[in-house]
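>
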Amino acid sequence: MNVTELIKQNNEYREKLSEPSKKYYEEILVYMRTASGKNELAIEETLMEILQDILEAQKSGQTAEEYFGKNPKKLCDDMIEELPPEQGVKQVGFTMSILILLFQYMNYAEMFDPIIHLTFFKTIVPIVLSIVVVISIFAAIRQEAFSKKKAKILFFLAAIAYLGVMIFPILDRQFGPFGPELLISGRSYALGFLILSVICIYLNWKVNEFKTGVLMSTLFAIIAAMIALGAIQPVLWSKGVLVGITLAIYALFIVSSLVEFRKKK
448 MNVTELIKQN
458 NEYREKLSEP
468 SKKYYEEILV
478 YMRTASGKNE
488 LAIEETLMEI
498 LQDILEAQKS
508 GQTAEEYFGK
518 NPKKLCDDMI
528 EELPPEQGVK
538 QVGFTMSILI
548 LLFQYMNYAE
558 MFDPIIHLTF
568 FKTIVPIVLS
578 IVVVISIFAA
588 IRQEAFSKKK
598 AKILFFLAAI
608 AYLGVMIFPI
618 LDRQFGPFGP
628 ELLISGRSYA
638 LGFLILSVIC
648 IYLNWKVNEF
658 KTGVLMSTLF
668 AIIAAMIALG
678 AIQPVLWSKG
688 VLVGITLAIY
698 ALFIVSSLVE
708 FRKKK
């Protein structure tokens, strides 16, 4: 069975668990699925084995906690340690696609300007802080299974980093630019953006199987291609149109991510 089939089967079998066992198992599920650097198929196979063991124990009148003990975190850590690592190509592909997507979300609006001003605080710092946000959120979700206190700290760190993502470009625009500044035309920027979008589409389609990433990068690629070819002239658009496009893109990303997440949950 492949990963998608295992996830679907897991969702079906999980409904057979009693409430205490379901809560116990879902903490294990979240913790293991967010383990970094481990083979996804091996993780899903292990989760299915644990689920089947709990279902068998349930037939004998045992809860998951009675069967596996009161320290599921140690159980998970021991099993994760034995799992094979993810393929290097997939790890590199996942990392690259995340970085490209972050760059796209942070800087796609720049394509609508005739001249692009790229600076350290306006471009580089927000991307770095966005990486901190993503890492912190993933870590918080993982810690939430067994350590609510650590999860709260990590969520707080993510919130602070996100605040920096919003504030630094504003400070740079109002009081800067700080540091060196690179000026390029909007069409040249759009061409580079198009190339990155195509790379991201390939990575998310072939390597990560992240449909939302494919959808969003395709949308960015279409906009970038139209600007690069001169098919549309964003400079003629009103602020309201640009804001509307931005909100539509963010809404599409949130909705599609939630739909994809619910399918895997």
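Take the sequence shown: its letters are residues 448 to 712, numbered as in this note's numbering.
All residues carry an ideal CB built from backbone N, CA and C; glycine is no exception.
Quick one: is Leu610 buried, meaning 16 or more other Cβ sit within 10 Å of its Cβ, or exposed?
Under this definition Leu610 is an exposed residue.
> Leaving aside the five residues before and after Ser482 along the sequence, list all residues of the same chain whose C-beta is less than 7 Å from its C-beta, in chain order.
A small correction: the amino acid at residue 482 is Ala; Ser does not occupy that position in the sequence shown. Same-chain partners within the cutoff: Ile490, Ile527.
> Can you pull the DSSP bridge partners for Lys485?
Answer by DSSP bridge pairing, in chain order: Pro532.
> Looking only at DSSP bridge pairs, what is Glu628 linked to?
Answer is Thr566, bridged to Glu628.
> Drop a sphere of 10 angstroms on the beta-carbon of Met558, count the other beta-carbons inside from all chains shown, and report buried for 16 or more, exposed for fewer.
Buried, by the Cβ-count rule.
> With distance defined between alpha-carbon atoms, name the residue in Ile669, Glu487, Gln456 nearest to Gln534.
When each option's Cα is compared against that of Gln534, the closest is Glu487.
> Can you look up Pro561 in the DSSP assignment and give me helix, strand or coil?
Coil, per DSSP.
> Would you give the residue range spanned by the alpha helix (DSSP H) that Gln456 belongs to?
450–461 is the extent of the alpha helix (DSSP H) around Gln456.
> Am I right that Val579 and Ala608 are in contact with their C-beta atoms under 8 Å? What's the rounded C-beta distance?
The Cβ separation is near 4 Å, so the contact holds.
> By alpha-carbon positions, which one of Tyr460, Asn651, Ser507 ends up nearest to Leu494?
Out of Tyr460, Asn651, Ser507, Tyr460 has the C-alpha closest to the C-alpha of Leu494.
> On a CA-only basis, which of Leu629, Thr665, Ala605 is nearest Phe585? Give me that one, please.
Closest by alpha carbon: Ala605.
> Considering only the alpha carbon of each residue, which of Ser507, Lys517, Ser544, Gly639 lies closest to Trp652?
Nearest option by C-alpha distance: Ser544.
> For Val539, does the count of other Cβ atoms within 10 angstroms reach 16, so buried, or fall short, so exposed?
Its Cβ having fewer than 16 others within 10 Å, Val539 is exposed.
> Using only the alpha-carbon positions, how far apart do Met613 and Leu576 sit?
Taking the straight line from one Cα to the other gives about 10 Å.
> So, under 8 Å CB-CB, Ile713 and Tyr478 are touching, yes? Tell me the CB distance rounded to an integer number of Å.
Outside the displayed range of the chain (448 to 712) lies residue 713, so it cannot be described from this structure.
> Between the C-alpha atoms of Leu662 and Leu643, what's the straight-line distance to the nearest angstrom?
So the alpha carbons of these two residues sit roughly 14 Å apart.
> With distances taken Cα to Cα, identify the nearest neighbour of Phe541 among Ala671, Tyr649, Arg634.
Of the candidates Ala671, Tyr649, Arg634, the one whose C-alpha sits nearest the C-alpha of Phe541 is Tyr649.
> Taking its Cβ as the centre, do 16 or more other Cβ atoms sit within 10 Å of Leu464, making it buried, or is it exposed?
By the neighbour-count rule (16 or more Cβ atoms within 10 Å), Leu464 is buried.
> Which same chain residues end up closer than 6 Å to Lys597 when comparing Cβ atoms and leaving out the 5 residues on each side of it in sequence?
Around Lys597: Gln590.
> Are the beta-carbon atoms belonging to Asn554 and Thr570 less than 8 Å from one another?
Contact: yes.
> By how many angstroms is the C-alpha of Ile582 removed from the C-alpha of Glu512?
Approximately 30 Å, taken between the alpha carbons.
> For the alpha helix (DSSP H) holding Ala598, just list the boundary residues, first then last.
Run containing Ala598: 595–622, per the alpha helix (DSSP H) assignment.
> Quick one: Cα of Tyr514 to Cα of Tyr552, how far?
Using only the alpha carbons, I get a separation of about 46 Å.
> Assuming Phe568 contacts Asp619 (C-beta within less than 8 Å), just tell me the rounded distance between them.
Correct: roughly 4 Å between the Cβ atoms.
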